[in-house]
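Here's the structure we're looking at; comments come further down.
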DNA sequence: ATCATATATATGTAATAGCATATAGGTAGG
DNA sequence: CCTACCTATATGCTATTACATATATATGAT
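Residue numbers (the working numbering), protein chains in the order written: chain A, 4 to 196; chain B, 4 to 196.
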């Protein structure tokens with residue numbers, strides 16, 4: 004549903020090939036919506052079917068030919084419609100929480116490793132969000148001649164960073180409390196907040 | 004992938020029907036992994052195929068017959084294996100961030116509405132997480148005779164609450180800064196409704 | 001009487017996602 | 001010369017998710 008709309012949004016900046024779109028996702032969208040090259044191409048076919056986009060074949064010498072996609076009127080309308088449609092999905096599907104849920108099956112050390120691995124992974128991602136992503140985002144805004152959109156692009160990144168920091172905070176706190184949770188000494192104290 | 008493993012985890016507490024499992028998801032798992040009744044049944048067929056679970060048909064009078072599923076040795080092993088396997092997916096797919104990303108297309112008021120609706124929605128969810136969910140979680144732990152797992156169940160809930168609070172914080176801050184982001188002086192505003 | 005809700009399982013269809021792999025010429029570096 | 005990577009598109013297959021709907025009996029409420 005939304006991959007198609009993100010593509011509509013990018014095509015607003017001008018005609019692009021599937022290859023270009025994939026690059027754009029990697030540079031400035033991947034931090035909140037990761038996707039695959041193959042999904043982008045299939046989305047493009049679908050969107051062409053729907054009449055949201057059209058393409059012109061461009062022959063190149065020395066390089067493979069490419070299809071340059073651009074928005075149709077219907078595509079522009081669909082983008083505007085979607086931008087004003089409340090999105091649902093507060094749901095998250097995070098498998099590591101499932102592991103935590105059944106944490107009684109794991110030893111204290113295994114649980115600690117689970118949380119510490121996750122913490123390390125988040126720290127690596129945060130490092131990238133704070134250094135590389137802002138750069139590639141701004142570079143892409145330049146390439147698109149869309150300086151007025153930079154604040155919004157950075158805002159989604161700011162959200163991502165805020166969330167990662169919040170996760171780190173929770174992990175730090177939980178790791179500190181872990182021994183009392185796994186009951187290194189005394190169990191059975193159910194709590195209701 | 005993980006829905007099946009969450010079912011394995013629940014069956015650890017004893018034999019259950021698809022109907023029971025669905026109830027259990029609603030009571031204590033939905034806050035971090037939402038699913039559908041139809042998905043649970045199809046997962047059960049798949050898991051039976053894989054040899055992770057088996058069932059006994061139980062005839063009831065007055066009520067529909069049911070299949071009581073229980074873990075096999077292979078199922079137990081698979082659960083233990085999965086619990087110790089690092090889970091990837093730091094990715095999130097949140098459509099509202101896509102709307103924010105292309106926020107230059109929206110008016111200040113529309114953007115504000117987008118963020119405020121989301122804030123209201125999160126507040127409602129938080130309210131449920133803080134009142135109903137702990138109760139149904141503890142009630143289910145009782146029904147499963149698994150008091151030692153309660154701390155872990157509440158831990159995943161604590162994570163959910165922490166995340167929602169972090170989101171609220173970010174939304175509050177961003178709503179305050181919104182005017183300076185959208186540039187209230189408004190230079191060129193192309194509009195097509 | 002009728003209507004909603006609870007118990008219980010099952011299927012149909014479509015959308016979305018994930019992952020691998022095929023093709024094929026061009027360029028840059030060792 | 002060989003290897004690796006860049007440009008560029010495409011398909012196969014599977015898994016997962018979503019949403020709707022069908023069936024059948026029992027109980028409690030209006």
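Heads up, the beta-carbon is just placed ideally off N, CA and C, and yes, glycines get one too.
Between which two residues does the alpha helix (DSSP H) carrying residue i extend?
i	result
residue 58 of chain B	Not the alpha helix (DSSP H): residue 58 of chain B falls in the beta strand (DSSP E), residues 56–61.
residue 165 of chain B	153–185
residue 101 of chain A	98–104
residue 135 of chain A	111–146
residue 23 of chain A	21–27
residue 7 of chain A	5–14
Taking the DSSP output, what are the residues bridged to residue i?
i	result
residue 73 of chain B	B:57
Give every residue of the same chain whose Cβ lies closer than 6 Å to the Cβ of residue i, excluding the five residues on either side of it in the sequence, and list them in chain order.
i	result
residue 7 of chain B	46, 50
residue 59 of chain B	71
residue 77 of chain B	54, 55
residue 11 of chain A	78, 82
Out of curiosity, what's the CA-to-CA distance linking residue i and residue j?
i	j	result
residue 119 of chain B	residue 165 of chain A	18 Å
residue 156 of chain A	residue 163 of chain A	11 Å
residue 139 of chain B	residue 40 of chain B	19 Å
residue 102 of chain A	residue 86 of chain B	5 Å
residue 151 of chain A	residue 107 of chain B	7 Å
residue 105 of chain A	residue 137 of chain B	16 Å
residue 147 of chain B	residue 141 of chain B	10 Å
residue 38 of chain B	residue 98 of chain A	13 Å
residue 178 of chain A	residue 44 of chain A	43 Å
residue 26 of chain B	residue 62 of chain B	20 Å
residue 201 of chain A	residue 174 of chain A	The structure shown does not extend to residue 201 of chain A, since chain A is modelled only from 4 to 196, so the question has no answer here.
residue 90 of chain B	residue 115 of chain A	15 Å
residue 5 of chain B	residue 149 of chain B	22 Å
residue 48 of chain B	residue 22 of chain B	14 Å
residue 143 of chain B	residue 52 of chain B	28 Å
residue 42 of chain A	residue 16 of chain A	21 Å
residue 95 of chain A	residue 64 of chain A	47 Å
residue 20 of chain A	residue 14 of chain A	9 Å
residue 30 of chain A	residue 145 of chain B	49 Å
residue 80 of chain B	residue 88 of chain B	12 Å
residue 100 of chain B	residue 69 of chain B	44 Å
residue 134 of chain A	residue 24 of chain B	45 Å
residue 113 of chain B	residue 28 of chain B	36 Å
residue 153 of chain A	residue 176 of chain A	34 Å
residue 168 of chain A	residue 168 of chain B	13 Å
Return the chain-ordered list of same chain residues with a C-beta closer than 7 Å to the C-beta of residue i, the five sequence neighbours on each side being excluded.
i	result
residue 18 of chain A	71, 72, 73
residue 9 of chain B	32, 36
residue 66 of chain B	none
residue 84 of chain B	none
Might you give, ordered along the chain, the residues of its own chain that have their beta carbon closer than 8 Å to the beta carbon of residue i, omitting 5 neighbours on each side?
i	result
residue 34 of chain B	132, 136, 159, 160, 163
residue 171 of chain B	122, 125, 126, 129
residue 111 of chain A	181, 182, 185, 187
residue 75 of chain A	54, 55, 56, 57
residue 109 of chain B	102, 117
residue 196 of chain A	With a pLDDT of 49 at residue 196 of chain A, under the threshold of 50, the modelled position of that residue is not reliable, and the figure given next carries that caveat. If we look at residue 196 of chain A and ignore the five residues flanking it on each side, it has no Cβ neighbours.
Can you find a heavy atom of the ligand MG that lies under 7 Å from the Cβ of residue i?
i	result
residue 44 of chain B	What this structure holds is no ligand at all, so the ligand MG is not there to describe.
Using a Cβ cut-off of 7 Å, which residues of the stretch 95–122 of chain B contact any Cβ in chain A, in chain order? Correct list: 95, 96, 97, 98, 99, 100, 101, 102, 103, 104, 105, 106, 107, 108, 109, 113, 120.
Any residues in the stretch 156–172 of chain A with a beta carbon nearer than 7 Å to a beta carbon of chain B? Which ones, in chain order? Taking 7 Å as the cut-off between beta carbons, the residues of the stretch 156–172 of chain A near chain B are 156, 158, 159, 162, 165, 166, 169, in sequence order.
Could you list the residues in the stretch 33–51 of chain A with a C-beta less than 7 Å from some C-beta on chain B, going in chain order? Within the stretch 33–51 of chain A, the qualifying residues are 35, 36, 37.
Short-range partners of chain A found in the stretch 11–25 of chain B, where Cβ spacing is below 7 Å: Look at the stretch 11–25 of chain B: the residues with a C-beta under 7 Å from a C-beta of chain A are 12.
Listed from N- to C-terminal order along the chain, which residues in the stretch 78–93 of chain A have their beta-carbon within a distance smaller than 9 Å of any beta-carbon of chain B? So the close ones are 79, 80, 82, 83, 85, 86, 87, 88, 89, 90, 91, 92, 93.
Below 7 Å between beta carbons is the criterion; list the residues of the stretch 144–156 of chain A that meet it against any residue of chain B, in chain order. Listed by position along the chain: 151, 152, 154, 155, 156.
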